[in-house]
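Numbering (our numbering), first residue to last: 81 to 300. C-beta: ideal position from N, C-alpha, C; glycine also. Down below is the structure, laid out as structure tokens.
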Ligand SMILES: *Cc1c(COP(=O)(O)O)cnc(C)c1O
């Protein structure tokens, strides 16, 4: 067994069966993605549209591609023909463009709204009130080619488990509160290599794991 396969087996054993695993393959070569694919992995996460599109062209067509990075409105068109889920949606303008491009491609694109839970300024995302307002906007309710399936969040990069837990709890409470009013909401995307166990304890339904599967990333 190669190490990618081993890592995947280990992670699958340690997460509940109903939690979806997004294998974050950003910066990694196709050969690594192929190993994960051969081990049964079908959901891959990327954070750059150009890189994801290249990989989409080369990989088997039953892969589900998740865009986990920040998205510029003018680039949505490049992934609209194939992207399954966009994780970091943080404006009405972006939702509008995703709906428009999905419609052009006769597709439905799943969206997650990014909630800002970390204390760092650099992290994108909306606060709870903005998210609830967006969900209740008439224009958003009328979009025919997107499905808002839930929320994604990134905790502060810290060793303080108590702080991470509180940040996860804040997005989980939004998830619980909105689920009853919006039947399509069923996804809470929290948890990365360093904190996915804690995220699952806090109600995660989807973890995004990169380095624990593919090894550390080397940025040029
Ligand atoms: C890179 C990335 C991940 C995966 O991070 P690891 O620590 O390698 O598991 C998860 N989510 C987002 C948004 C990322 O950019």
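Query, Result
"Does the beta carbon of residue 166 sit closer than 8 Å to a beta carbon anywhere in chain C?", "Going by chain labels, chain C is absent from the structure shown, which holds only one protein chain."
"Closest by CA to residue 192, which one among 270, 276, 109?", "270"
"Rounding to the nearest angstrom, what Cα-Cα distance links residue 292 and residue 167 in this structure?", "20 Å"
"Mind checking whether the beta-carbon of residue 127 lies closer than 7 Å to any heavy atom of ligand 1?", "yes"
"Report the rounded CA-to-CA distance for residue 130 versus residue 189, giving the unit in angstroms.", "18 Å"
"By DSSP's criteria, residue 190 is part of a beta bridge. Which residues make up the other side?", "165, 227"
"Just to confirm, is the Cβ distance from residue 125 to residue 146 under 8 Å?", "yes"
"State the start and end residues of the unbroken beta strand (DSSP E) segment that holds residue 265.", "No beta strand (DSSP E) holds residue 265; DSSP gives it neither H nor E."
"Residues in its own chain within less than 6 Å of residue 205 by CB, not counting five upstream and five downstream?", "170, 194, 195, 196"
"Could you tell me whether the region 265-285 touches the region 89-103, using the rule of 3 or more Cβ pairs below 8 Å?", "yes"
"In chain order, what are the residue ranges of uninterrupted beta strand (DSSP E) at least 3 long that sit wholly in the region 196-261?", "226-232"
"What are the boundary residues of the beta strand (DSSP E) that includes residue 146?", "144-147"
"Check whether the Cβ of residue 265 lies closer than 7 Å to any heavy atom of ligand 1, and answer yes or no.", "no"
"What are the boundary residues of the beta strand (DSSP E) that residue 156 is part of?", "Premise fails: residue 156 lies in the alpha helix (DSSP H), 156-159, not in any beta strand (DSSP E)."
"Quick one: Cα of residue 144 to Cα of residue 267, how far?", "16 Å"
"For residue 176, does the three-state DSSP call read helix, strand or coil?", "helix"
"Going by beta carbon distance, what residues of the same chain come within less than 6 Å of residue 183, once the five residues before and after it are set aside?", "225"
"Taking the alpha carbon of residue 58 as the point to measure from, which residue in 134, 215, 165, 199 has its own alpha carbon closest?", "The displayed coordinates of the chain run from 81 to 300. Any statement about residue 58 would go beyond what the structure contains."
"Measuring CA to CA, which of 105, 85, 209, 93 is closest to residue 289?", "105"
"Go ahead and pull the three-state DSSP assignment for residue 288.", "strand"
"Between residue 149 and ligand 1, is there a pair consisting of the residue's CB and a ligand heavy atom that are separated by less than 7 Å?", "yes"
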